[in-house]
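Student: One gets this note's numbering by counting positions in the sequence shown from 1 and adding 9 to each. All residues carry an ideal CB built from backbone N, CA and C; glycine is no exception. It should be emphasised that the depicted structure is a prediction, and the values quoted were computed from it without experimental measurement.
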Amino acid sequence: MINVKKFGIIAAIAILFGIFIFSLINAFYERPEYDDFCKRELYMQKAPYLQEKLNCTPIEVDDAEAEVCQEQGGEFTPIYEEGCVKEFKCETCMNEYDEVRENYEFFVFIMSSILGLVAVILSIYLPYKKDSLKEWILTGFLIGGLIAIFVGTGRYFSDLHRILRPIIILIEILLVIFVAYKKIKK
Numbered sequence: 010m011i012n013v014k015k016f017g018i019i020a021a022i023a024i025l026f027g028i029f030i031f032s033l034i035n036a037f038y039e040r041p042e043y044d045d046f047c048k049r050e051l052y053m054q055k056a057p058y059l060q061e062k063l064n065c066t067p068i069e070v071d072d073a074e075a076e077v078c079q080e081q082g083g084e085f086t087p088i089y090e091e092g093c094v095k096e097f098k099c100e101t102c103m104n105e106y107d108e109v110r111e112n113y114e115f116f117v118f119i120m121s122s123i124l125g126l127v128a129v130i131l132s133i134y135l136p137y138k139k140d141s142l143k144e145w146i147l148t149g150f151l152i153g154g155l156i157a158i159f160v161g162t163g164r165y166f167s168d169l170h171r172i173l174r175p176i177i178i179l180i181e182i183l184l185v186i187f188v189a190y191k192k193i194k195k
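Rendered as structure tokens:
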């Protein structure tokens, strides 16, 4: 028979501890916001709908400028004035945002892995009596630590180098096997 209290305590601690780790990380290292790097109004501008036909002078983009913009990873964004395209601006803000976002996700990956690993190790090696409240609590922290490690990896996985992806996953599989071995052995 499943002990509902035991399961409830373990699940609550595991979920809350996982949330706590990411809240703690975010408290010290704020997530970058897209709007801090790229102004949405540049992308949201549209030529206004006018009843009368406008006499706009066509604006051409210089090929050399387009090549430089493309090398910088930017894209040309039209700037409107009175319904006509006044100029094109090479917008590279997305590159800056992506770089800061990738650094943030790397930090989250490292910190969630460290904090999760500490929770897993402490949960395995702290002494407890079988079927005691302390065992339930430590099991909750163990599962919460594993959740933090897995979620941190998932957040940074697409930014990981392709060679590192299978290595990280293998390490996590070995960690789960280690935890299973230690918990079953007790």
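When the Cα atoms are used, what is the spatial distance from C99 to E105?
Tutor: Numbered from its first residue, the sequence shown carries residue 99 at position 90. Numbered from its first residue, the sequence shown carries residue 105 at position 96. Taking the straight line from one Cα to the other gives about 13 Å.
Student: Threshold first: 3 residues or longer. Then list the beta strand (DSSP E) segments lying entirely within the region 82-162, N to C.
Tutor: Runs of the beta strand (DSSP E) inside the region 82-162: 84-90, 93-100.
Student: Within the continuous alpha helix (DSSP H) that includes V70, where are the two ends?
Tutor: On the sequence shown, position 61 is the one that residue 70 refers to. No alpha helix (DSSP H) contains V70, which DSSP labels as neither H nor E.
Student: How many Å lie between I123 and K95 at the Cα?
Tutor: Residue 123 sits at position 114 when you count from the first residue of the sequence shown. Residue 95 sits at position 86 when you count from the first residue of the sequence shown. Taking the straight line from one Cα to the other gives about 52 Å.
Student: L169 by DSSP, collapsed to three states: which one?
Tutor: The count along the sequence shown starts at 1 and reaches residue 169 at position 160. Residue state, collapsed to three classes: coil.
Student: Just the Cα atoms here: how many angstroms apart are K192 and F16?
Tutor: Taking the sequence shown and counting its residues from 1, the one referred to as residue 192 is at position 183. Taking the sequence shown and counting its residues from 1, the one referred to as residue 16 is at position 7. Taking the straight line from one Cα to the other gives about 16 Å.
Student: Is there contact between the region 144-159 and the region 76-87, where contact requires at least three CB pairs shorter than 8 Å?
Tutor: No, the region 144-159 does not touch the region 76-87.
Student: Can you say whether R40 is buried or exposed, counting buried as having 16 or more other CB atoms within 10 angstroms of its CB?
Tutor: Taking the sequence shown and counting its residues from 1, one reaches residue 40 at position 31. R40 should be labelled exposed.
Student: Output the boundary residues of the alpha helix (DSSP H) element that contains N35.
Tutor: In the sequence shown, the residue the question calls residue 35 occupies position 26. Note, N35: alpha helix (DSSP H), 13-37.
Student: Between the Cα of Y43 and those of A20, E111, F85, spot the shortest distance and give me the residue it belongs to.
Tutor: Counting from one through the sequence shown, the residue named residue 43 turns up at place 34. If we check each option's Cα against that of Y43, E111 comes out closest.
Student: Please state the DSSP three-state secondary structure of P175.
Tutor: Counting from one through the sequence shown, the residue named residue 175 turns up at place 166. Correct three-state label for P175: helix.
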